[in-house]
Amino acid sequence: MPVSRHPHAPGDIVTPERDITHAHFRPGDQVVILKGVAGSELRGDAYKVVTSSWHTPTDEDGWRLFDPSGGERTYITAHPRYLVHLSRRCADCLIYRQALHTYLVPRLAGAGEDIDCGWYSLTRLNQVVHVADARGGK
Ligand SMILES: [Zn+2]
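Going by the UniProt record's numbering, the sequence shown opens with residue 1, and the numbers climb by one from there.
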């Protein structure tokens, strides 16, 4: 199914407020970065956590991720608060996922297509950056 950018996608007020430690994740974990909505569910891209890696956009500890469909960008680095566990059922990730679901799905329900909210971008150094973390002077 094609994924489209929603022209009026709401800004993400949930992820920037998320409090999650770097140590919550470990190499080998399966994670997802939630980026939008598919029908009445959140949608995102799935990755495997590889190793600890500096997240330069925030100047904080991040995680290098393996993207099985990444092509030339197979390895990317993301901040822990962008990540949600797929491989474990943990309260920290569940609370975040439900908060995002409650905020986002009612606002985009009925669009009839998969929506990417456009919150995340990839820098030239293969760092995933959330719009709230993007600063001037790239
Ligand atoms: Zn978790």
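For glycine and all other residues, C-beta sits at the position ideal for the given N, C-alpha and C. All figures in this text were calculated on a predicted structure; none of them were measured in a lab.
Using only alpha-carbon positions, find the residue among T77, V31 and I76 that is nearest to R97. Stepping through the sequence shown from its first residue, residue 97 is reached at position 97. When each option's Cα is compared against that of R97, the closest is V31.
Should D92 be listed as close to ligand 1, given that the test is whether its C-beta is under 7 Å from any heavy atom? Numbered from its first residue, the sequence shown carries residue 92 at position 92. At least one heavy atom of ligand 1 is nearer than 7 Å to the Cβ of D92, so yes.
Let me know if R124 comes out buried or exposed under the rule of 16 or more other beta-carbons within 10 Å of its beta-carbon. Looking up residue 124 in the sequence shown gives position 124. Counting Cβ neighbours within 10 Å, R124 comes out exposed, since fewer than 16 surround it.
Does DSSP put E17 in a helix, in a strand, or in coil? As a first step, residue 17 must be located in the sequence shown, where it is residue number 17. Note: E17 maps to helix in three-state DSSP.
Taking only the alpha-carbon atoms, compute the straight-line gap between L100 and V14 and give it to the nearest angstrom. Within the sequence shown, residue 100 is the residue found at index 100, counting from 1. Within the sequence shown, residue 14 is the residue found at index 14, counting from 1. Roughly 6 Å between the two C-alpha positions.
If you run the structure through DSSP and keep just helix, strand and coil, what is H130? On the sequence shown, residue 130 is found 130 positions in, with the first residue counted as 1. Reduced to three states, the DSSP call for H130 is strand.
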